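Trainee: Here it is: the structure, laid out below.
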Amino acid sequence: MSLTTAQSITLNGESLINGQRVATFTTNISADQSYANISMNVLLPDVYDTNKPAVRQDRDDFQDKADEIQDGLDAEASTTTKE
């Protein structure tokens, strides 16, 4: 029997408009994935509807952060595999 491990990261974010939490974002990232699925939950639909561009920018920024973490895990896994 041998031990195998896998590293994963849960990333959470939120979109705030005038101090109100309008939407939340969540993803799980691991080195064995080539992409991360982003889950978005709209908490205040009326505020979201009037602020779609800002909330969508927050979503895109969250995606960029998830991609950055994913790329870091991929690079780390690649380095570990080569050793």
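Numbering (the working numbering), first residue to last: -12 to 70.
Glycine residues also receive a C-beta, built at the ideal position from the N, C-alpha and C atoms.
Just so it is clear, the structure is predicted and the values come from calculations on it, not from any experiment.
(1) Distance check for Tyr35 and Asn5, CA to CA, integer angstroms please.
(2) Taking DSSP's pairing of strands, which residues face Ala10 in a bridge?
(3) Can you look up Thr(-3) in the DSSP assignment and give me helix, strand or coil?
(4) May I ask whether a heavy atom of the ligand COA can be found less than 7 Å away from the beta carbon of Leu30?
(5) Less than 7 Å between C-beta atoms, sequence neighbours within five positions excluded: which residues of the same chain meet that for Ile16?
Mentor: Considering the structure as presented:
(1) Locating residue 5 in the sequence shown gives position 18, counting from the first residue. Locating residue 35 in the sequence shown gives position 48, counting from the first residue. Going from the Cα of Asn5 to the Cα of Tyr35 covers about 12 Å.
(2) One-based indexing of the sequence shown puts residue 10 at position 23. In the DSSP output, where bridge partners are listed per residue, Ala10 has Ser2, Val29.
(3) Position 10 of the sequence shown, counted from the start, is the residue given in the question as residue -3. Note: Thr(-3) maps to strand in three-state DSSP.
(4) By its list of ligands, the structure shown contains no ligand whatsoever, and the ligand COA lies outside what it can speak to.
(5) Translated into the one-based positions of the sequence shown, residue 16 becomes position 29. By the criterion of a C-beta distance shorter than 7 Å, Ile16 is surrounded in its chain by Ser(-5), Ile(-4), Leu(-2), Ala23, Ala53, Ile56, Gln57, Leu60, once the five residues flanking it on both sides are discounted.
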